Structure formats: C-alpha cells, structure tokens
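Student: The following block contains the structure, expressed as structure tokens.
Protein chains: 2
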Amino acid sequence: MKAQPQVTDTLLRQFTGYNLKRAYLVIETELHRILKDHDLRVTSFSALAIIVENPGLPQTALANALQIERSSTVVIVDALEGRELIQRNKVETDRRAYALVATLRGRQMFEKISGLMHEVENRFQSGLTPAERDALTGALRTIEHGGDTAG
Amino acid sequence: MKAQPQVTDTLLRQFTGYNLKRAYLVIETELHRILKDHDLRVTSFSALAIIVENPGLPQTALANALQIERSSTVVIVDALEGRELIQRNKVETDRRAYALVATLRGRQMFEKISGLMHEVENRFQSGLTPAERDALTGALRTIEHGGDTAG
DNA sequence: CCTAATAGTTAGCCAGCCGAACAATTCGGC
DNA sequence: GCCGAATTGTTCGGCTGGCTAACTATTAGG
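Protein sequence lines, in the order shown, are assigned to chains A and B. Heads up, the first sequence is in our numbering, so the first residue is 14 and it goes up one at a time. Heads up, the second sequence is in our numbering, so the first residue is 14 and it goes up one at a time.
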C-alpha cells in the first residue's frame with residue numbers, strides 16, 4: 014500500500030449535474046441492497062409505486078410516468094404480475110388496454126421497502142435539518158422544471 | 014388526443030433518491046446534447062476533466078476517481094487518445110503504468126464544453142439564489158458522505 | 001365504413017459496464 | 001539478492017437494461 018497522490022475532481026465538482034449524480038449513486042447503492050433482498054429492480058419498484066398510487070392505470074400511462082418506452086413496461090409488468098404483486102385487469106370500455114392494480118401483497122411489499130428506504134434516507138440526511146431537507150427537495154424540483162419561475 | 018387521467022408519483026416523490034434521479038436526468042439530457050456535438054460520452058468527458066486536473070495520473074487512479082473498473086478505463090482512454098485529446102506518457106519509475114496527460118486540444122475541448130455546460134446549469138438554476146445554490150451543493154455533499162457530521 | 005390512431009406485444013439490437021483471466025513489471029519479506 | 005505476492009494495463013466474454021421497428025387487436029373519427 015503506497016500513499017498515492019490524491020486525485021481531485023474539483024473541476025467536475027463545479028457542475029451540479031456531477032454532484033447530483035454522485036449523491037444519487039450513494040443512495041442508489043443502498044436501494045439496490047434493499048431491493049436485492051426482495052428480488053426487485055429499481056424500475057420495478059418505481060413501477061410498483063406508481064401502480065399502488067394510481068390503481069387502474071394502463072401500461073402506456075405507466076411508461077409515461079417512468080419515462081421509458083411502452084415496450085419496456087411489458088417485461089416489468091410481466092415480472093410484477095408473475096410475482097403476484099400486481100394484476101392486469103381487463104377494462105370493459107377498451108379491450109386493448111389493461112387496468113393495472115396492485116395486489117395486497119404488492120401494496121404490502123411496497124410499504125415494507127418504502128419503510129426501509131425512508132430509514133436509509135433519514136440516515137443519509139441526518140446531517141441536514143428539516144428545513145434544509147425541504148430546501149433540498151425544493152431546489153431539486155426547481156432544477157427538474159428547468160428553472161421556470163414564471164406562471 | 015384524449016384527456017387521460019393524470020398519473021401521479023407522490024409516493025416516489027417522498028424519496029430524495031427519486032427526486033435526485035429526476036433532477037439529474039434533466040441535466041443529463043442537456044449534457045448529452047452538448048456532448049453529441051463533440052462526439053463525446055458523459056464518462057469520456059468526466060475522464061477528460063479528471064485528467065486535465067490531475068496531469069500524469071495512471072489509469073487505475075482514473076478508474077477510482079470515476080468509480081468504474083480498470084478494464085473500463087481502457088476503452089475510454091483509447092478513445093480520448095485516438096482523438097488526440099490526451100496522451101499516454103511513459104512513466105520512468107514504473108514501466109507498467111502510464112502517465113495520462115491532456116493535450117492542448119484536450120484542455121481546449123474541456124474548456125469549451127465546460128463553458129457550455131455552465132451556461133446550461135445556470136439556466137436550470139435560474140430560479141435559485143446564489144445562497145440556495147450553495148445550500149444545494151452542500152446538501153448533496155452531506156448526502157454523498159453518508160450524513161457523517163462527526164470528525 | 002374505412003382509414004388512422006392507439007394499447008400491448010415481440011424480436012432483434014446496442015451501449016456500457018463488469019468479471020475473470022492474462023502478461024509485464026514491481027514490491028516485500030526473508 | 002530472490003522468489004512469491006501484488007499491481008498495471010489489457011483482452012475477451014457476458015450480462016443488463018433500455019431502445020427501435022414491426023406486428024396484432026381494437027378503437028376512434030371523418
């Protein structure tokens with residue numbers, strides 16, 4: 014073990030995008046650890062959350078919410094359905110579409126993982142006051158919406 | 014065009030990780046647009062920045078800085094070298110290792126893209142005061158370091 | 001009523017990264 | 001000094017996760 018000259022990333026640190034990515038990767042790692050125990054992927058978990066919150070939505074709406082292609086939802090929904098976390102119900106007014114709904118197991122699974130993740134996030138944010146956490150969330154929203162302040 | 018019931022993601026919005034990812038994706042999209050004009054990928058640009066800032070570093074150090082595997086740096090460094098943005102110099106004290114240095118072209122390329130990106134980020138953060146931007150950066154750092162406040 | 005649009009699906013593809021194995025070289029304990 | 005262990009860069013194969021294009025079934029609309 015030699016003491017190698019420390020590599021710095023000051024130039025990249027000037028970019029908010031870089032700081033965002035690094036912070037996200039830390040949380041994502043913990044999320045992966047939790048999800049692995051329940052045999053879920055990040056996108057599957059997100060999909061489950063969307064379905065829990067929006068019972069009866071069709072796959073296209075799910076794709077929009079997750080910002081992925083419709084074709085990509087198929088495999089995700091297949092997996093969730095195969096594990097009986099959600100159901101593909103038929104919608105009587107449109108025989109092409111499915112009405113996705115979470116099963117009891119699915120809702121319980123979401124609540125379980127949700128609780129674990131909130132614990133993890135609280136740990137990571139333990140250095141921030143409640144006001145600082147709110148400010149962080151607000152700033153992230155501002156960035157996400159392109160800095161639009163008009164309207 | 015039908016007015017479909019709006020899908021909400023309130024459950025996911027309670028997670029900082031989700032908000033981080035969404036905010037990052039918005040910036041990443043713009044970054045991709047800029048980098049495409051210069052035929053670079055995000056990781057290549059990050060690598061270039063690290064090399065500009067740390068002249069003479071070996072590939073292993075680059076891998077550590079970028080948090081990727083050593084084997085992955087090879088293709089990245091190959092590409093940057095092939096475009097004469099960096100050089101693989103020999104290091105006299107260790108014939109196994111390379112000393113990576115950016116060329117003039119490489120430094121100019123970095124400065125160019127860096128300027129464009131700062132413009133983009135300023136636009137996205139135009140709804141934030143300087144103090145709010147600093148607070149954001151600080152909060153991201155706090156999260157990244159696991160909420161460690163001791164020491 | 002017939003064309004266009006929409007929901008879901010399938011198949012093939014590609015980027016981007018990892019992991020294991022490898023040669024060359026250096027380090028470290030004795 | 002010497003030999004096994006560690007390190008640097010590399011190659012190769014593979015996996016993951018998403019995309020695009022093409023298809024079927026169904027619905028909407030002029």
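Idealized CB from N, CA, C, for every residue including glycine. What you are looking at is a predicted structure, and each value in this text was computed from that prediction instead of being measured.
Note down, one range per segment and in chain order, each alpha helix (DSSP H) of at least 4 residues found wholly within the segment 18–87 of chain B.
Tutor: As far as the segment 18–87 of chain B is concerned, its whole alpha helix (DSSP H) runs of at least 4 residues are 23–26, 29–50, 55–66, 72–79.
Student: Between which two residues does the alpha helix (DSSP H) carrying Val-114 (chain A) extend?
Tutor: Per DSSP, Val-114 (chain A) belongs to no alpha helix (DSSP H); it is in the beta strand (DSSP E), 111–115.
Student: Under 8 Å Cβ-Cβ, which residues of chain B neighbour Arg-35 (chain A)?
Tutor: Leu-153, Glu-157
Student: Under a three-way DSSP split, which group does Gln-121 (chain B) fall into?
Tutor: Collapsing the DSSP output to three states places Gln-121 (chain B) in a helix.
Student: Going along chain B in order, which residues have a C-beta closer than 7 Å to the C-beta of Ser-59 (chain A)?
Tutor: Neighbourhood of Ser-59 (chain A) in chain B, by CB distance below 7 Å: Leu-25, in chain order.
Student: With respect to the beta strand (DSSP E) encompassing Arg-101 (chain B), which residues constitute its N-terminal and C-terminal limits?
Tutor: 99–103
Student: Determine the DSSP secondary structure at Glu-145 (chain B), reduced to helix, strand or coil.
Tutor: In this structure, Glu-145 (chain B) counts as helix in the three-state DSSP scheme.
Student: Where does Gln-19 (chain A) land, buried or exposed, given buried means 16+ other C-beta within 10 angstroms?
Tutor: exposed
Student: Going by alpha carbons, who is nearest to Thr-42 (chain A) out of A:Gly-140, A:Val-133, A:Gly-159, A:Glu-145?
Tutor: A:Val-133
Student: Counting only beta-carbon atoms, is Met-130 (chain B) nearer than 8 Å to chain A?
Tutor: yes
Student: Does Asp-22 (chain A) have its Cβ less than 8 Å from a Cβ in chain B?
Tutor: yes
Student: Closer than 7 Å by C-beta to Ile-89 (chain B): which residues in its own chain qualify, once you throw out the five before and the five after it? Chain order, please.
Tutor: Thr-56, Ser-57, Ala-60
Student: Candidates A:Phe-137, A:Asp-22, A:His-45: which alpha carbon is nearest Ile-126 (chain A)'s?
Tutor: A:His-45
Student: From the beta carbon of Thr-150 (chain B), is the nearest beta carbon of chain A less than 8 Å away?
Tutor: yes
Student: Please identify the residue among B:Thr-23, B:Leu-24, B:Thr-21, B:Leu-38 whose C-alpha is closest to the C-alpha of His-158 (chain A).
Tutor: Its Cα nearest to that of His-158 (chain A), the residue B:Leu-38 stands out among B:Thr-23, B:Leu-24, B:Thr-21, B:Leu-38.
Student: Quick check: is the beta carbon of Ala-110 (chain A) nearer than 8 Å to any beta carbon in chain B?
Tutor: no
Student: Specify the secondary structure class of Glu-154 (chain B) as computed by DSSP and reduced to three states.
Tutor: Before going on, a small fix: residue 154 (chain B) reads as Arg here, not Glu. Helix, per DSSP.
Student: Can you give the Cα-Cα distance for Gln-100 (chain B) and Leu-53 (chain B), rounded to whole angstroms?
Tutor: Those two C-alpha atoms are separated by around 17 Å.
Student: Quick check on the burial criterion: 16 or more other C-beta atoms within 10 angstroms. Buried or exposed for Gly-69 (chain A)?
Tutor: exposed
Student: Distance check for Thr-106 (chain B) and Thr-142 (chain A), CA to CA, integer angstroms please.
Tutor: 50 Å
Student: Just the Cα atoms here: how many angstroms apart are Ala-76 (chain B) and Thr-116 (chain A)?
Tutor: Put simply, the backbone Cα of Ala-76 (chain B) is about 44 Å away from that of Thr-116 (chain A).
Student: Straight-line CA distance for Arg-136 (chain A) to Ala-152 (chain A)?
Tutor: 20 Å
Student: Measure the beta-carbon distance from Met-130 (chain A) to His-51 (chain A) and round it to whole angstroms, keeping in mind my assumption that it falls under 8 Å.
Tutor: Going by Cβ atoms, the distance from Met-130 (chain A) to His-51 (chain A) rounds to 11 Å, so no, they are not a contact pair.
Student: Please list, in chain order, all residues of the same chain as Ala-78 (chain B) whose beta carbon is under 7 Å from its beta carbon, the five residues on each side excluded.
Tutor: Ile-63
Student: Counting only beta-carbon atoms, is Leu-141 (chain B) nearer than 8 Å to chain A?
Tutor: For Leu-141 (chain B), the answer is yes, since a Cβ of chain A falls inside 8 Å of its Cβ.
Student: Of the choices A:Arg-83, A:Gly-119, A:Asn-67, whose alpha-carbon is the least far from that of Thr-21 (chain B)?
Tutor: A:Asn-67
Student: Is there a C-beta anywhere in chain A that falls below 8 Å from the one on Leu-113 (chain B)?
Tutor: no
Student: Compute the Euclidean distance between the alpha carbons of Ser-84 (chain B) and Asn-102 (chain A), then round it to the nearest angstrom.
Tutor: 47 Å
Student: How long is the line joining the alpha carbons of Gln-80 (chain A) and Arg-26 (chain B), rounded to whole angstroms?
Tutor: 15 Å
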